[in-house]
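Peer 1: Each residue of the sequence shown is one higher than the last, beginning at 254 in my numbering.
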Amino acid sequence: MHGTELAELSTFLAVARHRSFKLAAVQRSVAASAISHAIRSLEARVGVRLFHRTTRSVSLTEAGERFLTELHPAFDQIEKALEGLNAFRGTPFGTVRINVPSSIAPFLLHDVMGPLLKRNPGLRLDIVATDRLIDIVEEGFDAGVRFGERLTQDMIAVRIKPRLRFAVVGSPEYFKERRIPLVPGDLREHLCVRYRYPSGAIYNWQFERGGKAVDVEVDGPITLDNQELMVEAALQGCGLAYVWDSRVAAHLASGALVRCLDDWCADDDGLFLYYPSRRYLSAGLRAVIDMLKAGS
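1) With a Cβ-Cβ cutoff of 8 Å, do W458 and V446 count as a contact?
2) Helix, strand or coil: how does DSSP classify Y427 here?
3) Relative to the C-alpha of G613, which residue among A316, K546 and A540 is closest?
4) If we ignore side chains and look at the alpha-carbon of each, how far apart do V556 and P437 end up?
5) On a Cα-Cα basis, can you pick out the residue from R281, I542, L510 and D329 that is closest to V421?
6) Quick check on the DSSP output: what are the complete alpha helix (DSSP H) runs of length 4 or more inside the segment 260-303, in order along the chain?
7) Does the beta-carbon of R500 have 16 or more other beta-carbons within 10 angstroms, so that it is buried, or is it exposed?
8) Buried or exposed: which applies to V349, given that a residue is buried once 16 or more other Cβ atoms fall within 10 Å of its Cβ?
9) Find out if the Cβ-Cβ distance for the pair G537, P345 is shorter than 8 Å.
10) Name the two residues that bound the continuous beta strand (DSSP E) containing I413.
11) I need the boundaries of the alpha helix (DSSP H) containing L440, first residue and last residue.
12) Can you tell me where the alpha helix (DSSP H) holding P434 begins and where it ends?
13) What does the alpha-carbon distance come out to for the pair D515 and R431?
14) Classify S499 as helix, strand or coil using the three-state DSSP reduction.
15) According to DSSP, is Q330 helix, strand or coil?
16) Could you check where the alpha helix (DSSP H) with V390 kicks off and where it finishes?
17) Using a Cβ-Cβ cut-off of 8 Å, state whether R385 counts as contacting chain C.
18) Of the choices V390, S355 and R272, whose alpha-carbon is the least far from that of F400?
19) Contact between the segment 265-277 and the segment 290-309: three or more CB pairs below 8 Å?
20) For the alpha helix (DSSP H) that P451 lies in, which residues bound it at each end?
21) Check whether the Cβ atoms of I413 and L488 lie closer than 8 Å to each other.
22) For D374, which of helix, strand or coil comes out of DSSP?
23) In three-state terms, what does DSSP make of T348?
24) To the nearest angstrom, report how far apart I455 and E426 are at their CA atoms.
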């Protein structure tokens, strides 16, 4: 098999995983036109159409589905063989692609990326931060980060950070005209900064005390999809924000924000790095896990 043919097969796998020529191009760091050319060349060579293409979607034909099923194990073996060479190297090499929720990415990766790359100069990181709930297998990630309650059974999960907490915060200026809420129900009398999921759904604020769980559908003049903006809105007196306490620690210490309902904000289930149970653990991914665990 020639190198060009092998590259075409690898390109086929990338497009099949992402169901997108554009995303496959991003993963392979090439132009989208190069991806299209490789797929056209492969289809011409095998004499079978592998993808259905429209202006809005890409899907596998029946032949493409069968080809993917038979080709995937072979490439897994190739990747495993290449990864085995790490045993003869001083440090891991290659790219590790990880999905991380954008709401926690800044403090999860704080003081991690620099030391990790310095210790492993042959390693490359491809980190995508998004709060969209994705399928890491379908979208071509080596691993992802989620909270415990969102993990599925077909994944291997490694705890990388102890339990996290939310905080309800508001500015001193905001509280000059309003009483501090004492129980979650009091939030209905307050202006709140709402959070919108990438799906469009609005997040209900969740509380727990003494085994009693409470969900509150809050209301307010502003809805955002980014915790940094939510903190900024709280600092400007737009209303109360419900954000990770790690994100507002400095503002609480300086007095720029005031915390309330602290006794109702329970610990979260903790953060886990997860990867498919059928996938071998590469030296690069192992280095990432070890660094994240050390920083927890």
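Just so it is clear, CB atoms sit at the ideal spot from N, CA and C, and this is done for glycine as well.
Peer 2: Reading from the atomic positions:
1) Judged by their CB atoms, W458 and V446 are not nearer to each other than the 8 Å cut-off.
2) In this structure, Y427 counts as helix in the three-state DSSP scheme.
3) No statement about residue 613 is possible, as the shown extent of the chain runs from 254 to 549 and does not include it.
4) This structure cannot settle anything about residue 556, because the visible part of the chain is limited to 254 through 549.
5) It is L510.
6) For the segment 260-303, whole alpha helix (DSSP H) runs of length 4 or above, ordered along the chain, are 274-281 and 285-299.
7) Label assigned to R500: buried.
8) A residue is called buried when at least 16 other Cβ atoms come within 10 angstroms of its Cβ; V349 meets this threshold and is buried.
9) Yes. Within cutoff.
10) Per DSSP, the continuous beta strand (DSSP E) segment holding I413 begins and ends at M408 to K414.
11) Neither: L440 is in no alpha helix (DSSP H) and is coded neither H nor E.
12) Per DSSP, P434 lies in no alpha helix (DSSP H) and is assigned neither H nor E.
13) Here the C-alpha atom of D515 lies approximately 18 Å from the C-alpha atom of R431.
14) Assignment of S499 by DSSP, reduced to helix, strand and coil, places it in the helix class.
15) Helix, per DSSP.
16) Bounds of any alpha helix (DSSP H) do not take in V390, whose DSSP letter is neither H nor E.
17) Annotation note: the requested chain C is absent from the structure, which comprises a single protein chain.
18) Residue S355 is the option with its Cα nearest to F400.
19) In short, these stretches touch, since the Cβ pair count reaches three.
20) First-last for P451: undefined, no H or E at that position.
21) Result no, Cβ atoms of I413 and L488 do not sit closer than 8 Å.
22) The sequence given here places Pro at residue 374; Asp does not occur at that position. P374: coil per DSSP, three-state reduction.
23) Residue state, collapsed to three classes: strand.
24) I455 and E426: Cα-Cα distance of roughly 26 Å.
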